[in-house]
RNA sequence: GCGCCCGUAGCUCAGUCCGGAUAGAGCGUCAGCCUCCGGAGCUGAAGGUCCCGCGUUCGAAUCGCGGCGGGCGCACCA
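See the structure below:
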């Protein structure tokens with residue numbers, strides 16, 4: 175009985191064997207053993223350039239060194255041959271039949287890992303519809319959570335809601351002063367699809383309506399000085415509580431959160447917990463954090479200077495902030511109110527279980543019918559996923575344990591790097607250097623619009639904004655809720671759905687429920703892949719043609735490769751060939767490069783996932799999936815299965831098709847890309 | 001001013017962490033491929049001062065230094 179092989183196992187065995195051989199030959203330990211993949215399969219499966227590093231110390235030619243190693247090394251299980259290639263590479267050839275056999279067997283469960291990772295993502299202000307910049311955040315966070323889970327980590331996904339902030343206050347002010355809103359019931363009616371008191375409504379629901387309300391009020395603030403006081407009045411009312419304005423804010427925020435959750439839900443993005451800023455205030459988390467900070471001496475009251483009357487976090491002594499003109503960060507303003515950073519420090523302490531206080535919790539079921547989305551569009555796994563939120567009072571006693579993380583990963587765009595650094599520093603000065611080290615800022619670049627895309631937006635959705643002359647000259651412009659400039663997620667999904675429905679209609683007769691389901695899978699796959707294929711430090715200059723493309727390096731290309739494999743299995747089933755040869759042992763030989771390339775790519779998935787998470791570069795998963803799909807399509811055209819007469823040849827090809835099917839399914843699962851039935 | 005990110009084919013991007021084999025892919029262009037598991041596919045061609053300079057090295061797209069161009073930060077906003 176052969177031991178099950180894995181690529182990681184072989185890799186580490188080869189490294190060990192090389193160290194051992196080098197020790198025997200020269201008594202010199204290898205400091206590090208790099209094993210890369212050679213540019214062509216003919217050169218082998220693993221390549222080590224170690225001989226180049228040793229050449230100087232040993233005063234020998236790299237090829238001679240590699241040759242010595244090749245003849246000395248004891249080949250581990252699964253490795254067939256070691257050979258010198260190129261200018262002195264030591265390359266290893268694996269036992270193809272053995273690895274295929276292992277890959278065909280059931281996958282072992284990932285090892286369970288200690289601790290819990292909290293992933294915080296999405297965090298959209300609940301005051302208007304979400305745009306695709308928000309979706310890049312959510313997609314990255316979601317894939318990170320899925321990949322960590324695949325690797326055996328315990329993961330908790332949190333979506334923080336700033337339900338009492340400036341942005342919500344602005345829309346409340348806009349609704350009250352511009353739309354005749356007087357009561358929370360006015361907002362409730364609009365949330366159910368009705369009009370506002372002034373008759374305003376939007377076919378896509380309240381969140382869309384508020385998109386315009388927010389842009390209008392922002393404009394009004396610029397023109398009308400008096401109007402700017404409305405924000406402060408609303409904020410005070412929210413803070414005081416127990417008044418109609420506060421209730422309007424609460425109903426509004428909750429309705430828009432539902433819309434956001436529905437938008438994310440149709441894209442397969444789910445959460446475990448919605449912590450609410452209002453509950454951080456209610457629970458006086460900041461007072462506790464403030465006490466800790468004061469006691470540590472790192473937060474001091476400024477008696478004079480430009481920060482006179484403020485409590486500031488002293489950062490001037492920290493090396494990380496060296497060279498800054500004014501490194502100290504204000505946590506409590508001279509008027510006694512606290513900054514966002516202060517709240518974030520308290521919240522971060524809670525995530526690690528360091529605050530000595532906890533929220534109350536209650537299950538939360540959003541209204542999935544948000545106006546832009548219907549409930550049946552929500553992915554089932556999202557609808558069935560238990561969702562909790564922090565409770566204003568009471569809560570339920572038997573809730574899961576939240577927080578108490580060993581690692582916290584905050585998915586926030588690169589512009590907030592400085593704030594994230596301050597929060598980390600806050601933990602450090604409080605005497606929690608370990609937790610500071612395990613507070614990870616997963617930063618990424620924003621999604622912007624080309625001026626061309628901005629013009630198309632106006633055409634496609636009949637919106638009225640115009641770019642300023644200086645914006646017109648820029649290579650791209652930032653999306654901005656305040657300017658009302660941005661591609662709303664649900665609008666883009668709608669365009670993608672239209673496109674995928676058209677494509678499907680051209681390929682099959684009659685539109686049924688299954689066709690609609692497939693159209694949705696393709697639209698979601700295209701959108702998610704589009705946002706995931708770029709490196710995280712790459713600014714995405716949004717382009718409609720590119721986002722709506724279904725050919726080449728796209729989500730549908732991946733899905734199509736999977737559907738093709740399924741078509742083969744279905745056809746075999748129909749012809750009664752599925753079982754033929756299934757029980758017989760596979761041949762050890764005859765695994766050509768097409769077959770082998772697919773097997774190797776499939777076997778590399780755990781390593782790819784590990785690397786993606788270590789570097790927070792999730793695009794590598796997308797790229798690997800694309801490479802795998804390419805390899806399969808290549809194989810598909812060259813090596814027919816159903817029509818192959820030779821049962822042994824067919825068995826080999828079928829085995830590899832099965833390995834591919836499972837591997838692609840796994841990768842799509844990590845990327846959150848649904849699997850269509852037919853395409 | 002200081003800090004971070006980006007600069008690779010006409011366009012959009014991989015490759016840079018950890019230097020190594022002919023610098024890859026998609027789109028676009030051009031030329032092919034359906035009696036065959038459905039062409040959202042496949043095959044091929046053309047297309048490159050890897051932003052510039054200097055340095056380190058047997059070897060640099062990759063490392064270091066200095067520039068240039070673009071973006072983003074450095075609030076009693078979030």
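Numbering (our numbering), first residue to last: 175 to 853.
Glycine included, each C-beta is placed from N, C-alpha and C at the ideal position.
Counting C-beta neighbours from all protein chains within 10 Å, is the total for residue i 16 or more, i.e. buried, or is it exposed?
i	result
residue 175	With a pLDDT of 45 at residue 175, under the threshold of 50, the modelled position of that residue is not reliable, and the figure given next carries that caveat. Residue 175 should be labelled exposed.
residue 503	buried
residue 798	buried
residue 248	exposed
residue 302	buried
residue 410	exposed
residue 274	buried
residue 451	buried
residue 428	buried
Could you check what DSSP says for residue i in three-state terms: helix, strand or coil?
i	result
residue 321	helix
residue 333	coil
residue 731	helix
residue 770	helix
residue 547	coil
residue 565	strand
residue 445	coil
residue 579	coil
residue 793	helix
residue 175	Any answer about residue 175 is weak, because its pLDDT of 45 lies below 50 and its placement is not dependable; what the coordinates show is given next. Coil at residue 175, not helix or strand.
residue 264	strand
residue 192	helix
residue 351	helix
residue 299	coil
residue 198	helix
residue 416	coil
residue 311	helix
residue 239	helix
residue 477	coil
residue 542	coil
residue 623	strand
residue 722	coil
Determine the closest residue to residue i out of the options, with distance taken between C-alpha atoms.
i	options	result
residue 323	357, 334, 283	283
residue 298	209, 339, 277	339
residue 831	736, 764, 257	736
residue 291	271, 609, 600, 618	609
residue 221	707, 212, 247, 467	212
residue 203	209, 194, 210	194
residue 337	412, 766, 707, 404	412
residue 280	745, 849, 848, 836	836
residue 406	370, 464, 345, 550	345
residue 780	251, 561, 841	841
residue 404	834, 349, 637, 658	349
residue 447	440, 431, 437, 775	431
residue 510	649, 534, 476	476
residue 266	186, 408, 425, 427	186
residue 471	182, 454, 489	489
residue 239	199, 277, 210	199
Between residue i and residue j, which are expected to be in contact by the criterion C-beta below 8 Å, what is the C-beta distance as a whole number of angstroms?
i	j	result
residue 855	residue 422	For the chain, the structure presents residues 175 to 853; residue 855 sits outside this window and is missing.
residue 192	residue 259	Their Cβ separation, rounded to whole angstroms, is 15 Å, which puts residue 192 and residue 259 out of contact at 8 Å.
residue 585	residue 295	4 Å
residue 253	residue 268	6 Å
residue 314	residue 708	No, residue 314 and residue 708 are not in contact; Cβ-Cβ is about 10 Å, not under 8 Å.
residue 765	residue 270	4 Å
residue 371	residue 342	Contact doesn't hold; Cβ gap of about 19 Å is too wide.
Check whether the region 756 to 776 and the region 683 to 700 touch, using three or more Cβ-Cβ pairs below 8 Å as the test.
Contact fails: fewer than three Cβ-Cβ distances are below 8 Å.
Within the chosen definition, does the region 534 to 553 reach the region 508 to 524 through at least 3 CB pairs nearer than 8 Å?
They do not touch, by the three-pair rule.
Looking at C-beta atoms only, is the number of pairs between the region 522 to 532 and the region 549 to 556 that lie closer than 8 Å three or more?
No: the two stretches stay apart, fewer than three of their Cβ pairs being nearer than 8 Å.
Is the number of C-beta pairs between the region 564 to 575 and the region 684 to 697 that are closer than 8 Å three or more?
Flag = no, the region 564 to 575 and the region 684 to 697 do not touch.
Do the region 443 to 462 and the region 582 to 598 make contact, defined as three or more Cβ pairs closer than 8 Å?
No, they do not touch.
Three or more beta-carbon pairs under 8 Å between the region 216 to 233 and the region 736 to 747, yes or no?
No, they do not touch.
Touching by the beta-carbon criterion (3+ pairs, under 8 Å), the region 318 to 335 and the region 345 to 361:
Segments in contact, no.
Spell out a yes or no on whether the region 628 to 636 and the region 344 to 353 are touching, meaning 3 or more CB-CB pairs, one atom from each, closer than 8 Å.
Flag = no, the region 628 to 636 and the region 344 to 353 do not touch.
Do the region 610 to 625 and the region 710 to 724 touch if we need at least three Cβ pairs shorter than 8 Å?
With contact defined as three or more Cβ pairs closer than 8 Å, the region 610 to 625 and the region 710 to 724 are in contact.
Taking contact to mean 3 or more Cβ pairs, one atom from each stretch, closer than 8 Å, check whether the region 485 to 496 and the region 594 to 601 are in contact.
Touching, yes.
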